[in-house]
Amino acid sequence: MRRLITIFFAGLLAFCVLELTARIYLFPQYRAMLPDMYAAHPVLGHYNKPNLHVRRYNPMNYDVVNRTNSLGFRGLEKDRENELAGIWVAGASNTFGGFVEDDETYTAQLRRHGYRAANLASEGHGLISQTQVIRMLAQQGYKPRAVLLGITMYQAISDYSSAGDVFTQPIGSAFQPAAISPKRPRENLREAASELLAAIPLSLQPVRARLLKSSALYGWGKVGIMGIPMFRDWTLKIGLRNDLYLVRNFDLNLLRPLTSGNPATANIESTARYIAMLGDLVEQQFNVPFGVVLIPSLQQIDPESLRRFTTHYGLTQEDLDPSRAPELLLASLRRLGVSALDTLPALKGSGIPGPKLHFPDDGHLTASAHAVIGRAIASWLSSGMDKGATIGRQE
Amino acid sequence: MMLGIAPIAVNSLPFIAIAIGLVMLAWSRWRGAFLPAMAVASILVTLSWTRPIDVLALGLSLIPPYIAVRFVWGRTNFKSSSLISLLVVWEVLLFIYLRKYEWAGGLAWLDHPIAVVGLSYMLFRVIHLLVEAPSLGHLPFSSLRYSTYILAFWTLLSGPIQRYEAFCKGLDSVGRPETEDILAASHRGVNGLIKAFLIAPVFLKASNLEALGAPGADWLDFAIIFYCYPIYLYLNFSGYTDFMIAIARLCGVKTLPENFNHPYIARNLLDFWGRWHISFGVWIRTYVFTPISTGLIRRAPPSAHNVLLAMIVVTTFLIVGAWHGTTLNFLIFGLLHAAGILTTGAYGRLLKALLDRDARKAFERHPLVHGVSVLLCFHYVAATILLFPNSVPDLIAAFGGFASS
């Protein structure tokens with residue numbers, strides 16, 4: 000018994016020492032893997048935390064710092080007003096550029112080409128929430144020189160037929176609950192007790208998330224190990240790491256022939272109509288140019304990914320084409336009078352190999368891709384955004 | 000922070016590592032190095048909580064007493080008490096200044112950014128050493144022992160308040176306890192962690208006074224507000240103490256004093272203070288109540304004894320209140336407890352006048368009387384403890400609003 004007790008305490012001590020060593024030397028980046036970046040927002044539901052300064056780390060992928068200004072927009076506080084007086088760029092994760100440095104996002108790259116621009120995007124935001132951001136800024140008295148909407152294929156495509164209210168209802172009402180009344184003490188007690196019970200994990204998922212946030216040893220074993228080249232293939236083989244090319248996070252119908260019977264066709268039309276309404280809003284509110292920046296999908300910029308995907312899922316006999324949806328969306332937008340820039344030609348023409356345009360374990364754009372897109376947008380702005388609405392350079 | 004690391008909290012991995020490291024050292028053949036290791040661990044924990052300016056304040060608070068204690072250590076014939084008195088006054092004034100008492104408004108112009116954790120407990124240990132130094136000559140004293148005693152990581156943040164004799168005795172007994180003692184200490188430590196960090200927060204969340212203003216709040220909600228904070232405080236504080244006592248016992252140190260003995264089943268407030276934060280109660284009695292009462296009552300005529308005693312009780316409990324917190328609320332807490340103690344005394348005298356010794360004992364032991372006493376005492380204490388997290392106006396507004404709804 001004495002021996003068992005000694006072994007137990009020695010084991011516990013060894014674990015503590017190992018964990019502390021891992022925190023200090025082996026994997027001090029463990030805190031940067033799941034940083035706490037979002038906060039409840041009175042108008043937007045959830046949004047980037049203001050005045051953020053967090054490191055984001057994923058070995059062999061990225062190691063960057065994300066900063067936000069006091070309004071939660073990507074960038075530095077000192078540039079806030081200047082940027083908001085320039086071009087507004089709305090969008091989701093690729094526009095926010097969480098895995099590249101602040102000055103590497105395509106929005107920030109515009110500055111190098113003489114355009115000041117504010118990055119309104121937030122990871123997890125969609126067209127509706129970004130519409131609210133634009134309306135909120137309008138209500139606060141800000142006015143842009145132009146508004147751009149960055150759309151990554153195929154995430155934004157959806158059925159927006161019931162979203163028309165977003166343009167007319169009071170700002171934030173789509174997200175704000177009714178006036179919050181204080182909870183009764185018994186409800187607080189019940190909630191606190193439930194939280195305590197909820198801390199008892201019923202599945203492995205919450206345990207993993209907690210371990211990833213709080214243990215450098217686990218974090219290294221799960222993620223840090225991938226930074227060692229000889230272990231990378233092994234981690235993929237044993238399932239520790241997802242194969243990016245096999246992730247099924249899009250509607251396959253968008254790659255199929257877009258006939259009238261394909262539900263994706265209606266969704267693309269609905270998306271185009273929603274974007275056109277957003278363009279109308281920009282016109283009415285600010286009377287400035289509005290345009291869409293189409294960011295290609297992983298399958299478009301890296302054809303190998305589609306080949307691997309179809310082979311893995313036995314879809315080689317299917318007629319799948321990753322450019323169908325963006326082409327139809329572009330055509331629909333232009334038909335509705337919305338300026339749109341497809342950045343795929345610029346990316347393909349950049350000479351950068353497809354796999355270098357996105358991160359190896361993550362489909363988001365790399366700094367190189369952001370630079371190409373920034374250049375393409377600047378050129379598009381100066382050439383009149385297809386409609387002769389030339390936006391002059393500021394600096 | 001001084002070391003550029005996060006403060007080492009009790010429920011953090013570095014704290015657990017330090018604690019288990021010391022336990023393993025105490026069990027090993029190198030246990031002779033326990034004192035220096037304990038000193039390093041304690042200084043490390045302290046520095047993790049302090050900034051350079053805090054260390055400066057700590058130096059001002061700890062170095063002069065060390066020099067004085069060193070000077071008078073074991074000198075039983077040391078006559079001049081003015082040096083000790085001067086240093087005690089210095090310590091108390093510095094403490095008042097550093098704590099930034101809300102009611103010491105006159106010192107507002109001396110505002111400062113210093114925040115030293117564990118200062119209240121250090122004050123107790125320093126005063127104890129200053130007062131007792133001449134009579135402690137039979138015990139070893141060195142800068143290493145002094146710093147370890149004052150900053151001991153297991154008593155740094157929330158006690159218990161250990162006497163120097165017990166500290167030295169504990170160091171002498173460092174080693175591997177019997178298996179039963181190890182299991183008992185481990186059990187107590189885990190229970191302590193569960194009480195302090197898992198169960199207590201549930202009651203804390205439920206004690207939010209504002210919730211009493213929620214529509215439909217009824218007497219059950221009132222009861223939840225009334226009972227939850229006292230329950231939280233007890234679970235948190237006693238759980239923490241259990242954990243610390245457990246670590247010490249695993250190291251073979253059995254002299255860390257107990258702090259709680261079922262305080263909420265006390266029969267009256269006198270009984271309560273013998274069960275709640277016991278080491279604090281003993282310290283206050285030894286270094287505040289007894290010296291003042293002995294000194295004053297000896298000089299006063301017998302007819303003034305009762306009034307004088309009442310005034311000393313009130314003064315003592317004002318100090319108790321002020322030690323617990325920096326706002327006016329805590330002074331009110333002290334006054335209410337003084338009133339409770341005086342009432343208990345008056346009630347005892349009344350019983351004495353009405354009943355002979357045996358009848359009185361039988362009356363007090365009657366289950367009904369005992370039960371009612373316990374209930375009354377608990378509710379009085381619970382009501383006063385509500386002053387810890389809430390201001391008087393907030394309490395009046397919340398309870399008044401509830402009563403009128």
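Going down the list, the sequences are from chains A and B.
For the first sequence, numbering that gives the first Met the number 0 assigns the number 0 to the initial residue and increments by one for each residue that follows.
For the second sequence, numbering that gives the first Met the number 0 assigns the number 0 to the initial residue and increments by one for each residue that follows.
Just so you know, even glycine gets a beta-carbon here, dropped at the ideal spot from N, CA and C.
Measure how close the beta-carbons of residue i and residue j come, nearest whole angstrom, since I'm counting them as under 8 Å.
{"i": "A/S115", "j": "A/G85", "result": "In the sequence as displayed, the identity of residue 115 of chain A is Arg instead of Ser. Correct: roughly 3 Å between the Cβ atoms."}
{"i": "B/L128", "j": "B/P64", "result": "7 Å"}
{"i": "B/F288", "j": "B/C376", "result": "The Cβ separation is near 20 Å, so there is no contact."}
{"i": "B/F259", "j": "B/W275", "result": "7 Å"}
{"i": "A/R66", "j": "A/H52", "result": "5 Å"}
{"i": "A/K221", "j": "A/L235", "result": "13 Å between Cβ atoms; not a contact."}
{"i": "A/N57", "j": "A/D301", "result": "About 18 Å separates the two Cβ atoms, so there is no contact after all."}
{"i": "B/P256", "j": "B/I277", "result": "7 Å"}
{"i": "A/S338", "j": "A/M384", "result": "4 Å"}
Once DSSP output is grouped into helix, strand and coil, what is the label at residue i?
{"i": "B/L219", "result": "helix"}
{"i": "A/G44", "result": "strand"}
{"i": "B/I66", "result": "helix"}
{"i": "A/Q287", "result": "With the sequence shown as reference, residue 287 of chain A is identified as Val, and Gln is not the correct amino acid for it. If DSSP states are grouped into helix, strand and coil, A/V287 belongs with coil."}
{"i": "B/F140", "result": "coil"}
{"i": "A/T67", "result": "strand"}
{"i": "B/Y96", "result": "helix"}
{"i": "A/N187", "result": "helix"}
{"i": "A/A162", "result": "coil"}
{"i": "B/I246", "result": "helix"}
{"i": "A/Y153", "result": "coil"}
{"i": "A/L239", "result": "coil"}
{"i": "A/A117", "result": "strand"}
{"i": "A/V146", "result": "strand"}
{"i": "A/Y56", "result": "strand"}
{"i": "A/F358", "result": "strand"}
{"i": "B/H261", "result": "coil"}
{"i": "B/D110", "result": "coil"}
{"i": "A/V292", "result": "strand"}
{"i": "A/I86", "result": "strand"}
Is it right to say residue i is buried, meaning 16 or more other beta carbons lie within 10 angstroms of its own, or is it exposed?
{"i": "A/M0", "result": "exposed"}
{"i": "B/V125", "result": "buried"}
{"i": "B/T342", "result": "exposed"}
{"i": "A/L380", "result": "buried"}
{"i": "B/K194", "result": "buried"}
{"i": "B/A66", "result": "The sequence given here places Ile at residue 66 of chain B; Ala does not occur at that position. B/I66 is exposed by the Cβ-count criterion."}
{"i": "A/G140", "result": "exposed"}
{"i": "A/G90", "result": "buried"}
{"i": "B/Q161", "result": "buried"}
{"i": "A/D101", "result": "buried"}
{"i": "A/R323", "result": "buried"}
{"i": "A/Q138", "result": "exposed"}
Got a sec: does the ligand NAP put a non-hydrogen atom nearer than 8 Å to the Cβ of residue i?
{"i": "A/G149", "result": "Although the ligand NAP was asked about, the structure shown includes no ligands whatsoever."}
Leaving aside the five residues before and after residue i along the sequence, list all residues of the same chain whose C-beta is less than 6 Å from its C-beta, in chain order.
{"i": "A/Y105", "result": "H369, I372 and G373"}
{"i": "B/N10", "result": "F196"}
{"i": "B/G188", "result": "F242 and A245"}
{"i": "B/H369", "result": "none"}
{"i": "A/L340", "result": "V292 and W379"}
{"i": "B/Y239", "result": "S157 and A195"}
So, for residue i: in the same chain, excluding its five sequence neighbours on each side, which residues have a beta-carbon less than 7 Å away from its beta-carbon?
{"i": "B/T147", "result": "L34, M37, A38 and S41"}
{"i": "B/V312", "result": "A337, I340 and L341"}
{"i": "B/A56", "result": "L97, I113 and V115"}
{"i": "A/F358", "result": "N60, Y61, F98 and T365"}
{"i": "B/T178", "result": "none"}
Give a yes or no on whether 9 Å exceeds the smallest Cβ distance from residue i to chain E.
{"i": "A/I4", "result": "No chain E appears in this structure, whose protein chains are A and B."}
Within the same chain, show all residues whose beta-carbon is closer than 8 Å to that of residue i, passing over the 5 residues directly before and after it, in chain order.
{"i": "B/P388", "result": "S206, L208 and Y228"}
{"i": "B/T75", "result": "P133, S134 and G136"}
{"i": "B/L317", "result": "L330, G333, L334 and A337"}
{"i": "A/M135", "result": "V42, L43, I170 and G171"}
{"i": "B/F94", "result": "S60, L118, S119 and L122"}
Give, in chain order, every residue of the stretch 311-331 of chain A whose Cβ lies closer than 8 Å to some Cβ of chain B.
So nothing in the stretch comes that close.
Mind checking the stretch 215-243 of chain B against chain A and listing, in chain order, the residues whose C-beta falls within less than 9 Å of any C-beta there?
G215, A216, D217, L219, D220, F221, A222, I223, I224 and C227
Contact residues within the stretch 9-28 of chain A, judged by C-beta distance below 7 Å to chain B
A9, L11, L12, C15, V16, E18 and L19
Contact list for the stretch 12-24 of chain B against chain A, Cβ threshold 7 Å:
L12, P13, I15, A16, I19, G20, V22 and M23
Give the residues from the stretch 61-78 of chain A that approach chain B closer than 7 Å (Cβ to any Cβ), ordered along the chain.
The residues in question: there are none.
At a Cβ cut of 9 Å, what residues of the stretch 178-196 of chain A count as close to chain B, listed as they run along the chain?
Answer set for the stretch 178-196 of chain A: S180, P181, K182, R183, P184, R185, E186, N187, L188, R189, E190, A191, A192, E194 and L195.
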